[in-house]
Structure formats: structure tokens, C-alpha cells
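Colleague:
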Amino acid sequence: MIRKFFVFCGIGVSFLVFFFVYNSLTIEKARALYQPPPDQGQEKTVEQVKKNIQALKGLPASELNMVMDDFATSLGVRCQHCHVQDSSGWQFDKDDKPEKRTARKMIQMVMDLNSTKFGGRNAVTCFTCHHGSTEPVSVMPLPQNPPKMRKETEESETGLPSADQLLSRYESALGSSDAMGKITSRVSKGVAIDIQGKESPVEIVQKSPDKIITSVTMREGMQFSHAFNGTTGWMSSPRGPRELSPDESEDLKREAALFPYMEMHLLAAKLHVNRMDTVNGATVYRLSVPLDEHSTVYYSLDSATGLLLRRLVITETMIGDIPEQTDYSDYRALDGVKVPFAVRTAAVDPRDGFTYKFSSIEQNVPVDDNKFQMPKRKK
Numbered sequence: 066m067i068r069k070f071f072v073f074c075g076i077g078v079s080f081l082v083f084f085f086v087y088n089s090l091t092i093e094k095a096r097a098l099y100q101p102p103p104d105q106g107q108e109k110t111v112e113q114v115k116k117n118i119q120a121l122k123g124l125p126a127s128e129l130n131m132v133m134d135d136f137a138t139s140l141g142v143r144c145q146h147c148h149v150q151d152s153s154g155w156q157f158d159k160d161d162k163p164e165k166r167t168a169r170k171m172i173q174m175v176m177d178l179n180s181t182k183f184g185g186r187n188a189v190t191c192f193t194c195h196h197g198s199t200e201p202v203s204v205m206p207l208p209q210n211p212p213k214m215r216k217e218t219e220e221s222e223t224g225l226p227s228a229d230q231l232l233s234r235y236e237s238a239l240g241s242s243d244a245m246g247k248i249t250s251r252v253s254k255g256v257a258i259d260i261q262g263k264e265s266p267v268e269i270v271q272k273s274p275d276k277i278i279t280s281v282t283m284r285e286g287m288q289f290s291h292a293f294n295g296t297t298g299w300m301s302s303p304r305g306p307r308e309l310s311p312d313e314s315e316d317l318k319r320e321a322a323l324f325p326y327m328e329m330h331l332l333a334a335k336l337h338v339n340r341m342d343t344v345n346g347a348t349v350y351r352l353s354v355p356l357d358e359h360s361t362v363y364y365s366l367d368s369a370t371g372l373l374l375r376r377l378v379i380t381e382t383m384i385g386d387i388p389e390q391t392d393y394s395d396y397r398a399l400d401g402v403k404v405p406f407a408v409r410t411a412a413v414d415p416r417d418g419f420t421y422k423f424s425s426i427e428q429n430v431p432v433d434d435n436k437f438q439m440p441k442r443k444k
């Protein structure tokens with residue numbers, strides 16, 4: 066997925082809300098919703114926009130934050146472990162700390178191993194050895210549980226339904242095409258629960274085909290919002306509003322949709338049924354499809370109900386494969402369609418993981434387009 070807009074405002078809040086788009090959209094509108102953004106030329110690499118980049122030369126600049134989050138969580142640390150922070154703020158280009166110099170050596174070691182021993186595949190990452198600790202564990206802790214024997218069956222490899230069959234079943238599980246086509250807006254209210262169990266009020270307003278605003282009220286009434294107005298994305302915090310980058314805006318554009326079925330429908334020709342799996346205790350069919358040159362999306366459809374239980378995006382970077390995951394549950398019938406009243410997000414930075422529990426969802430309510438416009442910065 067997708068991606069961590071509120072990290073930039075300093076509190077590490079990221080809202081990856083569920084994706085919905087109604088089925089009566091014309092193919093032209095639907096394709097516009099999911100097609101890649103216009104070519105804006107070759108993306109700059111991180112050394113072209115940041116100072117003193119050495120080990121990560123060639124990394125697309127848009128991937129830097131997710132890679133840094135991956136490093137931090139793999140070692141169980143935060144930014145200050147390697148980077149200098151003083152009274153004037155972060156000094157990311159400084160090399161004062163030995164930990165930063167060590168990190169560069171470790172990054173090069175990982176890339177060399179994958180290149181020379183694994184044919185360029187990201188088989189080894191920081192997490193492979195560290196598992197959330199600065200000190201890799203080299204001696205096996207005892208006692209160990211006995212190994213579980215893998216049940217070898219051909220059921221999960223052969224005789225699987227086709228992608229078209231599963232997609233058709235998913236559509237039927239959501240509701241009729243007519244019912245989905247009648248949904249033009251949605252207002253969802255409830256709470257966002259962070260990793261520490263703290264609840265904050267959340268409101269998500271969506272208007273077809275591609276408008277969304279998500280607002281969360283934090284402690285002391287501080288409000289954080291991010292939105293896509295049909296053209297550009299923006300976010301707002303107590304520090305004021307700012308426009309989002311094209312990559313961030315494109316992610317929000319996808320989030321604005323009313324049903325994830327349409328994304329799968331438009332990618333149907335490339336959808337591949339991998340295998341059967343388990344998600345939160347339910348047996349699922351797992352499908353995959355490339356999203357772009359570096360990312361693959363995996364959909365897990367409940368084998369019993371046909372509904373989407375998980376959407377997992379894995380982005381391949383030069384230093385490892387990085388996942389972002391959204392789980393859907395508590396589906397309820399509303400206006401002739403099934404809507405999840407619980408959505409759980411997870412990313413490599415634990416602070417970016419939230420559980421959204423909605424107490425009310427209203428559809429086809431009037432929504433003024435001005436609601437999605439970026440507020441003016443106060444002077």
C-alpha cells in the first residue's frame with residue numbers, strides 16, 4: 066500500500082482506509098481512477114534530493130521513508146539511533162554517530178549477499194538477522210517447540226478456481242451490480258485505535274468517483290486530515306495545510322474509491338490465483354497481480370463467503386521487500402451492498418498501524434465538493 070501521510074507531520078499517523086468504488090461507473094471513469102499518473106519524467110533518486118547519500122544511491126526518492134521505517138523496525142530503534150538531532154532539528158546529513166557508519170556497511174553487506182548469492186532476489190534483509198533487536202541472535206534460545214510437520218497436499222496447488230470465477234463470486238458477495246451502482250457517497254464515523262489501544266474519533270467522507278477526506282481528532286482537540294479532491298491530494302495538521310506529492314496523491318486517489326472490486330476487475334486479465342491460505346483463521350484464496358514496476362498486490366478472498374479479507378501490497382526496493390497490509394472484517398449489509406465496519410492497517414512502522422471501528426456508515430448522503438478542497442493557510 067500505501068502511504069503514511071501523517072508521518073510527515075511528526076506524529077507517525079497514517080491512514081490507510083478501505084477502498085470502495087461503485088460498479089456503475091463507466092469504464093472510462095473507472096480506468097481513470099486506477100491508471101498510472103501522467104508521465105512526469107524519470108523520478109529523481111534519493112541522492113539527487115538528499116545530502117550525503119552513500120549506501121542507497123539509485124533508490125527512488127519516493128521509497129526513502131518506507132526503507133527508513135523498515136530499517137528502524139527491523140532493529141527496534143527510531144531515527145535518533147543513527148541520525149543527529151539537535152536544538153535546531155534533524156541533521157540527517159551528518160555522520161557524527163558510529164551507528165550510522167555501521168549501518169552503511171550493513172546495507173552494503175545485504176545488497177552484496179542478495180546480488181552474489183541469491184541472483185538479485187531480496188532473500189536477505191535487515192530483519193533476517195535482527196528481528197527487532199540491535200544485536201542479532203546467533204545462539205538458539207532453549208527450549209524450542211517441536212517443529213510442525215508441513216501437510217503436503219495437492220489441494221492447495223491444483224483444482225483452484227479461476228481468477229474470473231473468484232472475481233464473479235466476490236461481486237455477488239458484495240451485492241448486485243444495480244445496488245452497487247446506486248451508491249454515490251459514503252460517510253463513515255467511528256474510532257481509530259492505535260497500537261497502544263488509544264482511541265481517537267475518525268470520520269471518512271467519500272464521494273464517487275475519486276474524492277475523499279479522512280479526519281482524525283487527537284488529544285486536546287488537535288485535528289489531522291488528508292484528502293484527495295479529484296485532482297490533487299493534501300493534508301492538514303495544526304501546523305497548517307500542505308499539498309501532497311504526486312505519489313502520495315495517487316495513493317489517496319485509489320483510497321477514494323467505493324469498492325475494491327473495481328480495482329480487481331480492471332486488473333482481471335493479469336490476476337493470478339496463487340494458492341489457498343489462512344487469514345485470521347479463515348481459509349482464503351490468494352490472488353496476485355503487479356501494480357507497477359516495483360509493487361505487487363495480493364488479494365485474499367474468503368473461500369466461504371467470497372468477500373475480500375486482506376489486501377497486501379509488497380514493494381520491492383533495492384534493500385528488501387516492504388509490505389503494507391489492510392484487513393477487512395465485520396461486513397454488514399447496507400443499502401443492498403456489503404460494507405466492512407472494521408478495517409485494520411499495518412505497515413513496517415508499528416505507529417502506522419490502526420484499527421478502524423465504525424459505529425455508523427451512511428451512504429448516498431449529500432456531500433458538497435468544497436469539503437474536499439484544501440483550506441487556506443492562516444497568516
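Note that this note's numbering has the sequence shown beginning at 66, numbered continuously upward.
For glycine and all other residues, C-beta sits at the position ideal for the given N, C-alpha and C.
1) Do you know offhand how far residue 140's Cα is from residue 386's?
2) How many whole angstroms separate the CB atoms of residue 401 and residue 240, which I take to be in contact at a CB cut-off of 8 Å?
3) Hey, how far is the Cα of residue 136 from the Cα of residue 368?
4) Who does residue 288 pair with in a DSSP beta bridge?
5) Whose CA, out of 294, 120 and 128, lies closest to the CA of residue 379?
6) So, is residue 417 buried or exposed, given that buried needs 16 or more other C-beta atoms within 10 angstroms?
7) Shortest alpha-carbon distance to residue 233 belongs to which of 184, 259, 145 and 326?
8) Name the two residues that bound the continuous alpha helix (DSSP H) containing residue 348.
9) Can you have a look at residue 134 and say buried or exposed, based on whether 16 or more other CB atoms are within 10 angstroms of its CB?
10) Would the stretch 399–413 count as touching the stretch 261–271 if we require 3 or more Cβ pairs under 8 Å?
11) Hey, which unbroken runs of the alpha helix (DSSP H) at 4 residues or more fall wholly within the stretch 197–279?
12) Within a Cβ cutoff of 7 Å, which residues of the same chain sit near residue 92, ignoring the five residues on either side of it in sequence?
13) Please report whether the beta-carbon of residue 213 lies at a distance below 8 Å from any beta-carbon of chain C.
14) Do residue 292 and residue 269 have their beta-carbon atoms positioned less than 8 Å apart in this structure?
15) With a Cβ-Cβ cutoff of 8 Å, do residue 266 and residue 252 count as a contact?
16) Within 10 Å of its beta-carbon, does residue 274 have 16 or more other beta-carbons around it, so buried, or fewer, so exposed?
17) Can you tell me where the alpha helix (DSSP H) with residue 136 in it begins and where it stops?
18) Can you tell me which of the three DSSP states residue 328 falls into?
19) Kindly list the residues whose CB is nearer than 6 Å to the CB of residue 365, restricted to its own chain and excluding five residues on each side of it in sequence; keep chain order.
20) Taking all protein chains shown into account, do 16 or more other C-beta atoms lie within 10 angstroms of the C-beta of residue 430, making it buried, or fewer, making it exposed?
21) Using C-beta distances below 8 Å, list every residue in its chain close to residue 227, excluding the 5 sequence neighbours before and after it, in chain order.
Modeller: On the basis of the coordinates in this document:
1) One C-alpha to the other measures close to 16 Å.
2) Sure, about 5 Å apart at Cβ, within 8 Å.
3) So the alpha carbons of these two residues sit roughly 36 Å apart.
4) Under DSSP, the beta-bridge partners assigned to residue 288 are 282.
5) When only C-alpha atoms are compared, the closest one is 128.
6) Answer is buried; the Cβ neighbour count reaches 16.
7) Nearest C-alpha to residue 233: 326.
8) Bounds of any alpha helix (DSSP H) do not take in residue 348; it lies within the beta strand (DSSP E) bounded by 347–355.
9) Counting Cβ neighbours within 10 Å, residue 134 comes out buried, since at least 16 surround it.
10) Flag = no, the stretch 399–413 and the stretch 261–271 do not touch.
11) Fully enclosed alpha helix (DSSP H) runs of 4 or longer: 228–239 and 242–246.
12) Confidence at residue 92 is low in this model, with a pLDDT of 40, below 50, so its placement is unreliable and the value that follows should be read with caution. When the five nearest sequence neighbours on each side are left out, no beta carbon in the same chain lies closer than 7 Å to the beta carbon of residue 92.
13) Protein chain content of the structure displayed is limited to a single chain, and chain C is not contained in it.
14) Contact flag unset, no.
15) Going by C-beta atoms, residue 266 is not nearer than 8 Å to residue 252.
16) Buried.
17) Counting along the chain, the alpha helix (DSSP H) containing residue 136 begins and ends at 129–140.
18) Helix at residue 328.
19) The answer, listed in chain order, is 344, 349, 351, 374 and 375.
20) Looking at its Cβ environment, which holds fewer than 16 other Cβ atoms inside 10 Å, residue 430 is exposed.
21) The answer, listed in chain order, is 338.
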